[in-house]
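Reviewing the structure listed below.
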Amino acid sequence: MIELPVIPAHQLQRKPDWLRVKLPVGKEYRHVRGLVDEHKLHTICESGNCPNMGECWGAGTATFMILGNICTRSCSFCAVATGRPLAVDLDEPNRVAQSVKLMQVKHCVITSVDRDDLKDGGSTIWAETVNAIRRESPDTTLETLIPDFKGIWENLERVLAVRPEVVSHNLETVRRLTREVRIQAKYDRSLECLRRISAAGLRTKSGIMLGFGETEADVIEAMTDLYEAGVHILTLGQYLQPTKAHHPVVEWVTPDQFKYYQEIGLRMGFKYVESGPLVRSSYHAEKHLFDMQ
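Residue numbers (full-length UniProt numbering): 1 to 293.
Here it is, written out as structure tokens:
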């Protein structure tokens with residue numbers, strides 16, 4: 001059993017003002033909103049109540065989740081259901097590609113649940129989805145936010161072989177808290193996954209959530225580990241507790257502290273550092289398409 005921090009009921013009840021967001025507006029957002037409603041399309045932006053949905057849709061970016069909505073892992077921060085997933089939908093790559101085409105997505109982010117029940121970890125569907133989107137929308141750029149495939153690296157290679165413009169794998173938290181936050185994951189396995197992505201010559205991205213009780217030293221250690229693993233793009237955002245059954249928010253990290261981490265990251269040598277309370281994995285994803293040297 002993993003013991004989670006116990007936060008007194010009178011603490012951390014109210015979100016600070018800096019976590020307030022504006023209602024989505026704009027012509028591009030309304031266009032995408034209309035297509036999603038008319039064709040009953042599914043995006044993680046919407047189902048996950050992402051605070052940046054309006055901004056991202058307005059910029060032509062959307063995120064899709066593949067391989068079902070039941071995960072084989074039970075991370076204490078995540079609202080996705082845990083259990084025995086349904087059979088793989090072999091037509092899913094084509095349906096996602098059609099959605100991307102209908103929505104006229106300029107930059108598509110794809111993520112998935114963990115499918116540790118599958119021999120290939122879902123990597124075949126991953127590769128087929130990238131290829132299907134490229135057939136239907138050849139001008140759309142792609143970011144794949146992938147699992148660690150349990151360290152079965154031939155499955156990772158299947159995704160790398162189709163060469164998405166950006167490949168992302170989130171570290172999620174610092175080394176000291178990994179066992180609390182990512183129960184079935186391993187900190188060093190995630191770093192090895194990122195090393196292999198970077199070694200393949202692909203834009204490599206990772207993210208960390210703050211507010212689990214990490215110290216400044218913990219965060220800087222994780223940032224250093226990510227940079228040394230070859231990560232080019234780093235995102236840092238505030239963890240928000242999905243339900244009372246999930247890991248509590250131990251701290252509301254201030255915008256100034258996020259700015260401080262951004263400055264440290266840029267000094268370390270990261271190409272991009274998106275750091276702020278409302279930053280999520282795909283925040284400003286369309287801006288991370290720099291030329292690899």
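Glycine included, every Cβ here is placed at the ideal spot set by N, Cα and C.
Backbone secondary structure at residue i - three-state DSSP
i    : result
S137 : coil
F149 : helix
Y272 : strand
G237 : strand
T224 : helix
Y283 : coil
Y261 : helix
C75  : coil
T144 : strand
Buried versus exposed call for residue i [16 or more other C-beta atoms within 10 Å across all chains shown]
i    : result
L177 : buried
K205 : buried
D148 : buried
S290 : According to the sequence provided, residue 290 is Phe. The question's Ser does not apply to it. Its Cβ having fewer than 16 others within 10 Å, F290 is exposed.
E143 : buried
I183 : exposed
Best match in the options for proximity to residue i [C-alpha to C-alpha]
i    : options                : result
Y260 : G230, N131, M223, E228 : M223
L191 : S168, G211, M209, H284 : S168
E136 : L236, C108, K186       : C108
F270 : G237, I233, P255, F258 : I233
R175 : I220, I133, Q257, T144 : I220
K244 : C78, I70, L67, N155    : C78
T124 : V159, D218, E143       : V159
V80  : P164, F290, D114       : D114
P138 : A97, L240, E228, I110  : A97
Rounded straight-line distance, which links the Cα of residue j to that of residue i
i    : j    : result
P16  : W252 : 7 Å
F64  : R196 : 24 Å
G121 : N155 : 7 Å
T111 : I146 : 6 Å
Where the beta strand (DSSP E) containing residue i begins and where it ends
i    : result
S168 : 166-168
T204 : 203-210
A62  : 61-66
V109 : 107-112
Start-to-end residues for the alpha helix (DSSP H) that takes in residue i
i    : result
I183 : Segment: none, I183 is in no alpha helix (DSSP H) and carries neither H nor E.
S99  : 92-103
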